[in-house]
Amino acid sequence: MSLPDSQNRAVRTDSALSPGARAALSCGAAAGMFLLFSLAYWPLRLNAPPLGALRPFRPGAEAGLFGLGGPGVYLLTGLAAFAVTAALTPLFRRMALRIGMLDAPSEARKVHRDPVPYLGGLALYGGFLAWVLAVQALAPCYAHPSFHTLATVGAGVVLLGAADDAVGLPAWFKLAVELALGAALYFFGFGVRELMDPLGGMVHIGWFAVAVAALWVAGLMNAVNFVDGLDGLAAGVTALCALSLLAVGLRNDQVLSVMLMSGLLGMAAAFLLFNFHPASIFMGDAGALFLGLVIGAATLIEEQKGAAVIALAAPMTALAVPLADTALSFARRLARARRGGFFEPDRAHLHHRLLALGLGHRGAVLVLYAVTAAMGPLAWVVDGMSPARRYPLLALPVGVLTLSVLALRRAEGRRRNAEGKRDDAGDNGNAGA
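Dropping the structure here:
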């Protein structure tokens, strides 16, 4: 998106702020939101029913202030997340313009032409905090303490992302913090302690569960971050994945997961209003990492541990696009590791390849939307199958995406060859003249 001339002039005037000052202001805004949230949350929490009265979390239970239950709770709290995110996004866009917090297209992997404000991640985080308060105020029987835990860990993720957006943190440091935050979620009750054997039965994984939680959450945070390369891509893919996992959770009576997905869907949909091409604001690392954190937490939340395979199989299918992109990126980085380039970004992600084929910005985004949407029904099918059949079927989305990448690479090579032949023909014609 091209910013108006007046805004560009204002940015040049105010961008005298040092990167450290911008980091302090953006991190201070995130910390201030969490402080205000805590001041509002604890009075509501202390007046809520005792924890024992909050179980079981099942649709139809007495929910609180409007006597809401089941779908009414999901809808109203999701709308609260939507409304607050939509209200905060223009405010943080204005703040980003004022302090010069912009994403300038200074790197080869950037595809936008003009500076675009960051800080959309703070709006997403603010929408999530509002969602937690809405659940606590309107439906205390659904207000599990894990939601507050996620808001607290989320503050660390947003601070990490905001600092990286402002000053550019080393990639190894970000990964270490992401793994630590993922491990912290395990000790706060988010984790899978048993996995279902494909041949039947349960396998207790002991302390290895900490590593599983850390790697899974950090992987999802980076998966969302990797697809955040085109306007509206990360927000739209997240919304579609949330919708798929919401449907799976409803079928399995996983109320906590459904609650989280309703909030995530509201946040992502609201932000998409401002982020679809041409975007007026970017979510930055703060937003992408936080969205990945919420998805990871929803798949590891306490309620789902009785059917641990559900916490992995259905989400892996629904999230096939970002996970496949992450796996391919990891493979490319391993290939570059000998040259010391493991942490170097590149321009070979799925959306970059679609752009190279000439699809255009919106075209590439819509193609990846379509693939993600197609994975939703497949996740539903995978979730409803027996364990013996479920795991082999997981190879289907992986195989389809792998073949798609190979086809993209082949088509991209053909296009380059055709362009090279046209250039050679033009040179020969000029020489003959």
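Note that this note's numbering numbers the sequence shown so that position 245 is 246, with each residue one more than the last.
Don't be surprised by glycine CBs; every beta carbon is placed ideally from N, CA and C.
Do residue i and residue j have their C-beta atoms within less than 8 angstroms of each other?
| i | j | result |
| --- | --- | --- |
| I282 | P146 | no |
| T90 | W132 | no |
| L351 | A224 | no |
| A105 | P116 | yes |
| Y143 | V256 | yes |
| A152 | F38 | yes |
| G121 | L241 | no |
| L273 | A236 | yes |
| G128 | A82 | yes |
| A380 | V249 | yes |
| R23 | M102 | yes |
| T318 | F227 | no |
| G297 | V218 | yes |
| F191 | I302 | yes |
| A166 | A287 | Sequence inspection shows Asp at residue 166; the Ala mentioned does not correspond to that position. Contact flag set, yes. |
| L265 | A243 | yes |
| L182 | M34 | no |
| V238 | T150 | no |
For residue i, which residues of its own chain have a beta-carbon under 7 angstroms away from its beta-carbon, when the five flanking residues on both sides are left out?
| i | result |
| --- | --- |
| L251 | V259 |
| S263 | Y75, T78, G79 and L247 |
| A299 | L246, S258, L261 and M262 |
| F148 | V133 and V136 |
| I100 | D15, L18, R23 and L26 |
Report buried or exposed for residue i, applying the criterion of at least 16 other Cβ atoms within 10 angstroms of its Cβ.
| i | result |
| --- | --- |
| S19 | exposed |
| L21 | It should be pointed out that residue 21 corresponds to Gly in this sequence rather than to Leu. Exposed, because fewer than 16 other Cβ atoms sit within 10 Å of the Cβ of G21. |
| H205 | exposed |
| A371 | exposed |
| F209 | exposed |
| W173 | exposed |
| P141 | buried |
| L222 | Sequence check: residue 222 is Met here, not Leu. Buried, since its Cβ has 16 or more Cβ neighbours within 10 Å. |
| P316 | buried |
| M386 | exposed |
| V178 | buried |
| D254 | exposed |
| G29 | exposed |
| L47 | exposed |
If you drop the 5 nearest sequence neighbours on each side, which residues of the same chain put their C-beta closer than 6 angstroms to that of residue i?
| i | result |
| --- | --- |
| V366 | L231, G233 and L234 |
| R363 | H278 |
| L324 | A224 |
| A215 | L180, G183 and A184 |
Nearest CA to the CA of residue i: which residue from the options?
| i | options | result |
| --- | --- | --- |
| F291 | Y42, G101 and L160 | L160 |
| A369 | V382, A299 and V322 | Going by the sequence as given, residue 369 is Leu instead of Ala. The shortest Cα separation from L369 among V382, A299 and V322 belongs to V322. |
| R94 | T318, G385, D326 and N276 | N276 |
| A212 | F227, N226 and Y187 | Y187 |
| A156 | L98, Y126 and V228 | Y126 |
| G267 | G220, L45 and T86 | T86 |
| A88 | G73, A270 and R363 | A270 |
| G73 | L92, L139 and A30 | L139 |
Any idea what DSSP makes of residue i, helix, strand or coil?
| i | result |
| --- | --- |
| V117 | strand |
| H1 | Since the first residue shown for the chain is 2 and the last is 434, residue 1 is missing from the structure and cannot be characterised. |
| D254 | coil |
| D166 | helix |
| L234 | helix |
| D229 | coil |
| L320 | coil |
| L182 | helix |
| L379 | helix |
| L103 | strand |
Please return the same chain residues whose Cβ sits closer than 8 angstroms to the Cβ of residue i, not counting the five positions on each side in sequence.
| i | result |
| --- | --- |
| L170 | L161 and A164 |
| P44 | none |
For a test of your reading of the model: does the CB of residue i fall under 7 angstroms from any non-hydrogen atom of the ligand HEM? Yes or no.
| i | result |
| --- | --- |
| I206 | The model depicted lacks the ligand HEM and carries no ligand whatsoever. |
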